[in-house]
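Take any residue in the sequence shown, count from 1 to its spot, add 2: that is its number in the numbering used here. Worksheet: the structure to be examined is printed underneath.
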Amino acid sequence: MPINFIPNDPRAGHPPAAVIEAHAERPDELARYVYLGSVPEDTYPTDSDGFLFWQCREAALRAIDLWELIDGSTLTTWQNGKTLRLKHKTPGQPQLNAFYDRLSLSFFQVDAAGGDSYRSGASTDVVAHEAGHAFLDAIRPDLWGAFQAEPGAFHEAFGDCIAILVALQDEATRKVLVDQGLLRQKNFVESTAEDLSHGIAVLVDANHNAAVPRRALNTHQWVMPASLPVSGGPGVLINEVHSLGMIFSGCFYDTLTNIYQSRGVESEKGLQAAARTAGELLVAAARTAPLKPRFFQAVGNAMLIADGMRNAGVNAQAIRDGFGAHNVLLNAEQLTSPTVVLAGRPPSETVHSVRDVLTQASRRSLLEVTGDDTDQRFYGSRVQLGDQSVAAVRRRQKVSLADVASDLEGVYCYVEEDVLIGEQNGNAALLGEVETVRQSAVEAQSFVFSLHAAGQISEEAHSQAGDDTIGAVSHVVSNVGEERRLLRKRFNCRCHALPGTARAFLCT
Numbered sequence: 003m004p005i006n007f008i009p010n011d012p013r014a015g016h017p018p019a020a021v022i023e024a025h026a027e028r029p030d031e032l033a034r035y036v037y038l039g040s041v042p043e044d045t046y047p048t049d050s051d052g053f054l055f056w057q058c059r060e061a062a063l064r065a066i067d068l069w070e071l072i073d074g075s076t077l078t079t080w081q082n083g084k085t086l087r088l089k090h091k092t093p094g095q096p097q098l099n100a101f102y103d104r105l106s107l108s109f110f111q112v113d114a115a116g117g118d119s120y121r122s123g124a125s126t127d128v129v130a131h132e133a134g135h136a137f138l139d140a141i142r143p144d145l146w147g148a149f150q151a152e153p154g155a156f157h158e159a160f161g162d163c164i165a166i167l168v169a170l171q172d173e174a175t176r177k178v179l180v181d182q183g184l185l186r187q188k189n190f191v192e193s194t195a196e197d198l199s200h201g202i203a204v205l206v207d208a209n210h211n212a213a214v215p216r217r218a219l220n221t222h223q224w225v226m227p228a229s230l231p232v233s234g235g236p237g238v239l240i241n242e243v244h245s246l247g248m249i250f251s252g253c254f255y256d257t258l259t260n261i262y263q264s265r266g267v268e269s270e271k272g273l274q275a276a277a278r279t280a281g282e283l284l285v286a287a288a289r290t291a292p293l294k295p296r297f298f299q300a301v302g303n304a305m306l307i308a309d310g311m312r313n314a315g316v317n318a319q320a321i322r323d324g325f326g327a328h329n330v331l332l333n334a335e336q337l338t339s340p341t342v343v344l345a346g347r348p349p350s351e352t353v354h355s356v357r358d359v360l361t362q363a364s365r366r367s368l369l370e371v372t373g374d375d376t377d378q379r380f381y382g383s384r385v386q387l388g389d390q391s392v393a394a395v396r397r398r399q400k401v402s403l404a405d406v407a408s409d410l411e412g413v414y415c416y417v418e419e420d421v422l423i424g425e426q427n428g429n430a431a432l433l434g435e436v437e438t439v440r441q442s443a444v445e446a447q448s449f450v451f452s453l454h455a456a457g458q459i460s461e462e463a464h465s466q467a468g469d470d471t472i473g474a475v476s477h478v479v480s481n482v483g484e485e486r487r488l489l490r491k492r493f494n495c496r497c498h499a500l501p502g503t504a505r506a507f508l509c510t
């Protein structure tokens, strides 16, 4: 039977709800969703719970279709197994919220005075964004626990990019953008989650940073995240992962439109093809970009490498210009250019352990660059950059958070970075840049400070996984052995108390 479906956000304005045939269910052998509270298929009114279920389901399945298209392979498993719970309307206290926690995609509803209802599961933008977290986590689980601003912001930007690409799969959407010349003007595709942002403005604070939608068509310029304030007015760039993510989504949207315009074919089919190309390059880069504090640049350089392999570099200028417009300067060669000669032999062709990458002499030389630290560990691996397999060590460093806030006394986090190792005239050599121990600690502490300022840290006892009755924080302090450690619990939004309730939260 057919269903009613809105291909974008309910408050986006375009396109309107349409009657469509619902997606067939995915086979059991593939990655799929498990639904909570299913109802019979029908063309329910758009303000009903029946519509909400089928709208959320359709948006989530369309997101998988998009993912499989740009990844070029079938999604067979999520990060945590074959199934992911899809909660179109999570029970508990009302929240303007949505999150991904490796177990579910969870969406919420707030019924406001005057009759307005804010339902995150009714927004294709929001559902696709949360699915984007799950897709990225399936291919890059190491980003889950990254304690640096840019990897976290990239995760949020990636969700927005998936939402944009899902919207551009809709033919009516593409026709409106092309026929009305809206692609390089403020439009309903580059703007995401309009309904939840409206809820923030109405029910929390019209001057809140999240009281306007995030926009991929923006002029935000990259600066060191720690140099930014942790709060600001609507849409202002601040040191908070959702806000910072607009820098990368801006790079991506500009790249997509640059690719479209460079081909000289202004049609909805041309826009569809450009979106697919940009999406394919994004996913290829997300898979391979080395984990670095300057992760936006690492992903951009990996996009250049992917384009060179796939498309003979025809989109290189579009990518460079897209990132350069936001002060993210790209030079793919810098990723693998020797910067420091290390003592000892070059890495072995086959890497089974860190000793195959770093000899004792090489390790001592590397520590002269990074600074010695008894809480610093190295793990051997290889990083695939295009057709080049590069030896690497994953540097893992323990960082005290006592200086971040008094309630984090005795709490630690672990920050990681990929260090590429190559060969120079028969010697081991450091490729690209690497941070010192002190720089890594400062980056991690700045990131945790931004989490703390946004109220995103709690003791684990106050925020158990699967507890949907309280506002969900992104990180918890947990006991790991005899150590108190800060760990990620979920990807979600900034949360703020809903006036008149003790533990209900509003997010975007």
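Glycine included, every Cβ here is placed at the ideal spot set by N, Cα and C.
Alpha-carbon spacing of residue i relative to residue j, whole angstroms
| i | j | result |
| --- | --- | --- |
| V2 | L293 | Past the edges of the chain, shown from 3 to 510, lies residue 2, and the structure says nothing about it. |
| A213 | V128 | 15 Å |
| G266 | G346 | 52 Å |
| F451 | Q182 | 44 Å |
| R487 | S480 | 5 Å |
| W146 | L283 | 21 Å |
| L105 | L86 | 6 Å |
| G428 | P348 | 7 Å |
| D162 | S251 | 7 Å |
| N424 | P340 | Sequence check: residue 424 is Gly here, not Asn. Rounded to whole angstroms, G424 to P340 spans 7 Å at the Cα level. |
| I184 | Q362 | According to the sequence shown, residue 184 is Leu rather than Ile. Whole-angstrom Cα-Cα distance: 58 Å. |
| G315 | A195 | 34 Å |
| T92 | A431 | 52 Å |
| V36 | V343 | 53 Å |
| L38 | S122 | 15 Å |
| E31 | S119 | 37 Å |
| T78 | D144 | 19 Å |
| A24 | N6 | 9 Å |
| G468 | N82 | Because the pLDDT at G468 is just 46, under 50, the model does not fix this residue reliably, and the value given afterwards should be weighed accordingly. So the alpha carbons of these two residues sit roughly 15 Å apart. |
| R492 | V112 | 21 Å |
DSSP state of residue i mapped onto helix, strand, coil
| i | result |
| --- | --- |
| K491 | coil |
| G302 | helix |
| Y416 | strand |
| N211 | coil |
| Q57 | helix |
| K271 | helix |
| E485 | strand |
| N259 | The amino acid at residue 259 is misidentified as Asn; the sequence shows Thr. Three-state DSSP puts T259 in a helix. |
| V436 | coil |
| P340 | strand |
| N313 | helix |
| D469 | Low confidence applies here, because D469 scores a pLDDT of 48, under 50, leaving its location unreliable; read the following figure in that light. D469 falls in the coil class under three-state DSSP. |
| T279 | helix |
| A443 | helix |
| K177 | helix |
| E462 | helix |
Own chain, CB closer than 6 Å to residue i, minus 5 neighbours either side, in chain order
| i | result |
| --- | --- |
| H244 | E158 |
| S193 | P215, R217 |
| I164 | A130, G134 |
| N511 | Given that the chain is displayed from residue 3 to residue 510, the structure contains no residue 511 and the question cannot be resolved. |
| F297 | E152, P153, F156 |
| N241 | P227, L230, V232, S452 |
Run of the beta strand (DSSP E) containing residue i, from where it starts to where it stops
| i | result |
| --- | --- |
| L185 | First-last for L185: undefined, no H or E at that position. |
| Y1 | This structure leaves residue 1 out entirely; the chain is present only between 3 and 510. |
| R322 | First-last for R322: 318-326, but that is the alpha helix (DSSP H), not the beta strand (DSSP E). |
| A130 | That residue, A130, is in no beta strand (DSSP E); its alpha helix (DSSP H) goes 126-141. |
| Y120 | 119-121 |
| D113 | 111-113 |
| S402 | 390-402 |
Range of the contiguous alpha helix (DSSP H) that encloses residue i
| i | result |
| --- | --- |
| L369 | 362-372 |
| E158 | 151-169 |
| G201 | 196-205 |
Sequence-distant residues of its chain with Cβ nearer than 7 Å to residue i (five each side left out)
| i | result |
| --- | --- |
| E461 | V478, V479 |
| L453 | I459, S476, H477 |
| Q223 | H328, N329 |
| S264 | A320 |
8 Å Cβ cutoff, residue i in contact with chain C
| i | result |
| --- | --- |
| P17 | Chain labels in this structure do not include chain C; a single protein chain is all it has. |
Residue i Cβ short of 7 Å to the ligand GTP heavy atom set
| i | result |
| --- | --- |
| V285 | The model depicted lacks the ligand GTP and carries no ligand whatsoever. |
Contacting residues, own chain, Cβ-Cβ under 8 Å from residue i (five flanking each side not counted)
| i | result |
| --- | --- |
| S517 | Residue 517 cannot be examined here, being either before or after the span of the chain that is shown, 3 to 510. |
| R142 | A288, R289 |
For the pair the stretch 222-236 and the stretch 26-44, tell me if three or more CB-CB distances fall below 8 Å. no
Check whether the stretch 343-361 and the stretch 439-448 are in contact - that is, three or more C-beta pairs closer than 8 Å. no
Between the stretch 58-76 and the stretch 119-126, are three or more C-beta pairs nearer than 8 Å? As far as the Cβ criterion goes, the stretch 58-76 touches the stretch 119-126, which means the pair count is three or higher.
Tell me whether the stretch 162-178 and the stretch 4-22 touch, counting them as touching only if at least three CB pairs, one residue from each stretch, are closer than 8 Å. With three or more CB-CB distances shorter than 8 Å, the stretch 162-178 counts as touching the stretch 4-22.
Decide if the stretch 327-347 is in contact with the stretch 301-312; the criterion is three or more beta carbon pairs, one per stretch, under 8 Å apart. yes
Would you call the stretch 63-79 and the stretch 93-101 in contact, with 3 or more CB pairs under 8 Å? no
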